[in-house]
Each structure stands twice: as structure tokens, then as C-alpha cells.
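K.L.:
Just passing along the structure, written as C-alpha cells.
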Amino acid sequence: MTAGNPSASLLFETNELINQPVDQDYLWLNLTLFAVTTVLNLSAIVVLKAKENTGITTLVIWDCFVNILITAIGTLTFSPWSILHSNALCAVSYSTLSTLGTFNRLVPIAVVLLRYIMVCHPVFFINNGRESAIWRMILVGLIGLCSVVWVHQLCTSDIAYRFLRCMGREEVFR
Numbered sequence: 115m116t117a118g119n120p121s122a123s124l125l126f127e128t129n130e131l132i133n134q135p136v137d138q139d140y141l142w143l144n145l146t147l148f149a150v151t152t153v154l155n156l157s158a159i160v161v162l163k164a165k166e167n168t169g170i171t172t173l174v175i176w177d178c179f180v181n182i183l184i185t186a187i188g189t190l191t192f193s194p195w196s197i198l199h200s201n202a203l204c205a206v207s208y209s210t211l212s213t214l215g216t217f218n219r220l221v222p223i224a225v226v227l228l229r230y231i232m233v234c235h236p237v238f239f240i241n242n243g244r245e246s247a248i249w250r251m252i253l254v255g256l257i258g259l260c261s262v263v264w265v266h267q268l269c270t271s272d273i274a275y276r277f278l279r280c281m282g283r284e285e286v287f288r
């Protein structure tokens, strides 16, 4: 079919080459990314532990652990050798990745919220137990919001691209 048309043959061969599995590339790139993420976040944790022990520091340390966990789950979930390809495991993996990503985005907001209350509403801050009590309220809100996100993502995972990609059916995504 493409013997008479060399440009169509070249296009077909290029298309074939592009769509080939990239197992080795995936392995080395993601293992490198995971190693760099782990080293940088663990070094940040060591520095933070040496400085001070406040609620904000603890939250930032947890954020560093979440960064490592997101990279590990993402690498394992979307690996060409993934063993997850079942509805339940892919749904839990997708929901967990989404929730951890939400947590990463909410950590700076929680820190800013505490600082805002301390600076702009000092009477409320002092009357309500200072940093520890206010910080507990912020953490309860953060954990509650992340829990709601996890349940929502779990219930709606069958229409999400990441879930379908984990299942190896990304072509179904609309």
C-alpha cells in the first residue's frame, strides 16, 4: 500500500517508532526522578528537624514525605510493569494520588491562614488558645477536606483519565 508513496511509508514508520513502548526510558527517567525527589526532601526534613519544632514545621515535614510518596505511587502506578490493572487498586491509587496532590496544595494555604490569624486577628488568636489550639483547628480542616476529596475521587474515578490510564484504557477518556 505504501510502496508507491515513499512519504506515506516514512510517515508510517515514524508513527510506529513513536508509539513503541519506552520501558527502558521510563525506568531510568522515573527512577532518577524518584531518587532526586527522595534525596532533596529527606535533606529538607533533616534541616527542618534541626531548626524548630512547631506545628508549621511538622506540617512542612509531612509535606516533604507526601512529595516522596506521590513520586513513588506515580512511578509504580503508571509503570509499564504495573501490577495494579484492577478496578479497585487503580481507583485507590488514583484517589490517593489526587488527595496527596490536594494536600500539597493546601499546606501553603494552612501556613498562610495561621500567620494571617496571628497577625491580623491577635485578640482571637490569644483568646482561643494561641498557636496550638488554632493550629489544631486548621489541621482538622485540612485533614477533613483531604478526606472529602479522597472519597469523591474514589466515587468518580471511573471517568478520570489517570484511572483509565492505570487500567490501560486511556483511549476511553472522552
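Using this note's numbering, you'd call the opening residue of the sequence shown number 115 and step up by one each time.
Glycine included, each C-beta is placed from N, C-alpha and C at the ideal position.
All values derive from a computational prediction rather than experimental measurement.
1. Let me confirm a value: Y230 is counted as buried when at least 16 other C-beta atoms fall within 10 Å, else exposed. Which label applies?
2. Go ahead and label I240 buried or exposed: buried means 16 or more other beta carbons lie within 10 angstroms of its beta carbon, across all protein chains shown.
3. With a threshold of 16 other CB atoms inside 10 Å of the CB of E167, please say whether the residue is buried or exposed.
4. Enumerate in chain order the residues of its own chain whose CB-to-CB distance from F148 is below 7 Å, with the five nearest sequence positions on each side excluded.
5. Using 8 Å as the cut-off, can you tell me whether the segment 213 to 229 makes contact with the segment 240 to 260, which would need three or more C-beta pairs spanning the two stretches below that distance?
6. Anyone know if the C-beta pair for N144 and I182 falls short of 8 Å?
7. Is DSSP giving N242 helix, strand or coil here?
8. By the DSSP assignment, the alpha helix (DSSP H) with T171 in it spans what residues?
9. Kindly give me the distance between the Cβ atoms of L228 and W249, rounded to whole angstroms, as I take these residues to be in contact under 8 Å.
10. Given that a residue counts as buried once 16 or more other Cβ atoms are within 10 Å of its Cβ, and exposed if not, what is C204?
P.N.:
On the basis of the data shown:
1. In the sequence shown, counting from the first residue as 1, residue 230 sits at position 116. Result: exposed.
2. The residue given as residue 240 occupies position 126 in the sequence shown. With fewer than 16 Cβ atoms within 10 Å of its Cβ, I240 is classed as exposed.
3. Along the sequence shown, one-based indexing puts residue 167 at 53. According to the sequence as given, residue 167 is Asn; it is not Glu. Classification for N167: exposed.
4. The residue you call residue 148 lines up with position 34 of the sequence shown. Same-chain partners within the cutoff: T185, A186, T189.
5. yes
6. Residue 144 sits at position 30 when you count from the first residue of the sequence shown. Residue 182 sits at position 68 when you count from the first residue of the sequence shown. In this structure, I182 does not lie closer than 8 Å to N144 by Cβ.
7. Residue numbering aside, residue 242 sits at position 128 when the sequence shown is read from its first letter. It is coil, neither helix nor strand.
8. For the purposes of this step, residue 171 is taken as residue 57 along the sequence shown, with counting starting at 1. Per DSSP, T171 belongs to the alpha helix (DSSP H) from 169 to 191.
9. Looking up residue 228 in the sequence shown gives position 114. Looking up residue 249 in the sequence shown gives position 135. L228 to W249, Cβ: 6 Å. Contact.
10. Taking the first residue of the sequence shown as 1, we reach residue 204 at position 90. Under this definition C204 is a buried residue.
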